[in-house]
Amino acid sequence: MKRIKKDEKNCSVLNTDAFDKRRFKEIFEMSQGLQKLTHEAVLPTFEPLLGDIWASFYKMKPAINVKEVDGFLSVNKFLMEVIMADEYFAYHRNFTRLNDLESVISAIQFGEKINQWLAQQLEEDEDLREQSLKIQLRLGQMRKQQFQEADGKSQVDGMKELNEKLQQTILGNHESFLQAMAEARQESKQVEDGLKSLLGGIGAGNADAELKKVPLRDKILLAEKIASTKKMKEIAEWAGRFKQIARKKQKSKQSESVTRRGVTIGNDIENLLPVELCFYTHPLTKMDFLRRFAECETMQFEQKGPEDLKKGPIVLCLDQSDSMSSLDTQSKGFTLALMAIAKKQRRDLCLVLFSSCTQIFRYEKGEVRASEMTRLARTFLGGGTNFTLALDDAVHVINESRFKRADIVFVTDGEDQVTDSFLEVFNKKKQEKAFNVLSLVIGGNRNTVEQFTDRVIEVIDFDNEGSFTAFEV
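1470 is the number of the first residue of the sequence shown in this note's numbering; add one for each residue after it.
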């Protein structure tokens, strides 16, 4: 039967323009979450509804069309009127308008909650369910706004009937609908915070700046993983906590390494001598001070520190035997904090996951893409514990030119035996390559580890004060 394509301008109940429609189409193609919602939706017109939800958050001044919309969109118009009339809607828009990422996160969370709420109402209300099924049979799942011309009138009439029934349902369950929208706002904020925890560095307040460097497609992918995966949420929470601790550790290390030694000239305000500040405050000497300051000739303390406060690359050997499964999310957050240190200091980092086998991941200058982050979150080896295999791989990595100045952080909760011949070769390599080994032993026996380690720290878990020593590397 002949099918006709509905005019694009009729697919929105808001004051959207060509740019809005084109931008949402681009974002829809990037977002697996939006696509999945469309396929699972109980409402036939859910795809254009998602577009309107996104536009209501993204546009500077979204407004519902005052003119009558096509009959098949009557349900969408009523839903948008309820959403935008919520007293907390305007407040939430303070964070989303003209922000691609936060708008799409909100669209996904609101779309998911609306679909869940509608599905529940259909399950509890037989009349509403029957009316929806009739529309589904007539209309099918909406694809590219195409409808059968011959059934056009019956489709519109059916949607009007569904709209009337849905209005009665929402008015009768108004509080539960608004509660679902409140949950959507809260979860949107949690996803945004999780994204900043994963992608942000260890610098104070630099999460937004770091987010801007990541392609939108990657941010959407990671946001959807955080929203849909409990494990990823937990990893994000641990990463955020450990990065804050890492920032304090690195700041403390920096301040302890730098001392004042003598006087020099320059224009560093923080290091100006007190007498220079007096010159600035006195009206007779102020102009002379400003001239000397502009020419970098004011007196200041000379700060001296080690020529290179940052060491070389980092090789992290992380135990992933069966006994580490309960600490997996902690360990991933801990790893991401070390990566943030490496990224800030432009140091290469190699992650050696080990159990009875190994997997090796290399991160140049600590950079980790969103796809690599999700891969890391999904990876858990399981099995037994093999120290020799992990240390062999670590030495092979250090033999590479990029990692020739690396130090090893070795993390395990288990016990294993290493042969005297292996220890002899390993310790000889350690002396030749001039690398150190810091080991964190989580509730295990330290006897074996001590044989190849420069410093052993016993901890209860990764959230133990001793574990934070690794952030000083």
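Every residue, glycine too, gets a C-beta built ideally from N, C-alpha and C.
- DSSP state of residue 1697, grouped into three classes? helix
- Consult DSSP for residue 1885 and reduce its assignment to one of helix, strand or coil. Per DSSP, reduced to three states, the secondary structure at residue 1885 is coil, with no helix or strand assignment.
- CB residue 1789 to CB residue 1849, shorter than 8 Å? The criterion of a C-beta distance shorter than 8 Å is satisfied by residue 1789 and residue 1849.
- Task: Go through the stretch 1843-1928 residue by residue and report every complete run of the alpha helix (DSSP H) that reaches 4 residues or more, in order.
- Result: 1856-1868, 1889-1902, 1916-1919
- Query: Are at least three pairs of beta-carbons, each pair with one atom in the stretch 1730-1746 and one in the stretch 1864-1878, less than 8 Å apart?
  - Reply: Judged by Cβ distances under 8 Å, the stretch 1730-1746 makes no contact with the stretch 1864-1878, as fewer than three pairs qualify.
- Item | Contact set for residue 1936: own chain, Cβ-Cβ below 6 Å, skip 5 residues either direction | 1909, 1928
- Message: Here's a check: name, in chain order, each residue in its chain whose Cβ is nearer than 7 Å to the Cβ of residue 1915, leaving out the five neighbours to either side.
- Response: 1925, 1927
- Message: On the DSSP letters alone, give me the boundaries of the beta strand (DSSP E) that residue 1578 sits inside.
- Response: According to the DSSP assignment, residue 1578 belongs to no beta strand (DSSP E) but to the alpha helix (DSSP H) extending over 1569-1593.
- Task: With hydrogens ignored, establish whether the beta-carbon of residue 1546 is closer than 7 Å to any heavy atom of the ligand HEM.
- Result: For the ligand HEM, the structure offers nothing, since it holds no ligand at all.
- Outcome for residue 1794 when other beta-carbon atoms lying within 10 angstroms are tallied against a minimum of 16: exposed
- I think residue 1746 touches residue 1840, with their Cβ atoms under 8 Å apart; what is that distance to the nearest whole Å? Actually they are not in contact, since the Cβ atoms of residue 1746 and residue 1840 sit about 52 Å apart, beyond 8 Å.
- Query: Is the distance from the Cβ of residue 1443 to the Cβ of residue 1693 below 8 Å?
  - Reply: Examination of residue 1443 is not possible in this model, given that the chain is present from 1470 through 1942 alone.
- Query: To the nearest angstrom, how far is it from the Cα of residue 1896 to the Cα of residue 1829?
  - Reply: 22 Å
- Query: Nearest to residue 1637 by CA position, among 1912, 1548, 1844, 1837, is which residue?
  - Reply: Selection 1912, 1548, 1844, 1837 evaluated against residue 1637 yields 1548 as nearest (Cα-Cα).
- Query: Is residue 1563 near residue 1484, with beta carbons less than 8 Å apart?
  - Reply: no
- Query: Excluding the five sequence neighbours on either side, which residues of its own chain have a C-beta within less than 7 Å of the C-beta of residue 1486, listed in chain order?
  - Reply: none
- With 16 other Cβ atoms within 10 Å as the buried cut-off, status of residue 1571: Per the 10 Å Cβ criterion, buried.
- Any chance the stretch 1857-1866 sits against the stretch 1821-1838, with 3 or more Cβ pairs inside 8 Å? Put simply, the stretch 1857-1866 touches the stretch 1821-1838. At least three CB pairs are less than 8 Å apart.
- Pick out whichever of 1887, 1644, 1876 has its Cα sitting closest to the Cα of residue 1857. 1887
- For residue 1835 and residue 1812, believed in contact at Cβ under 8 Å, the rounded distance: 3 Å
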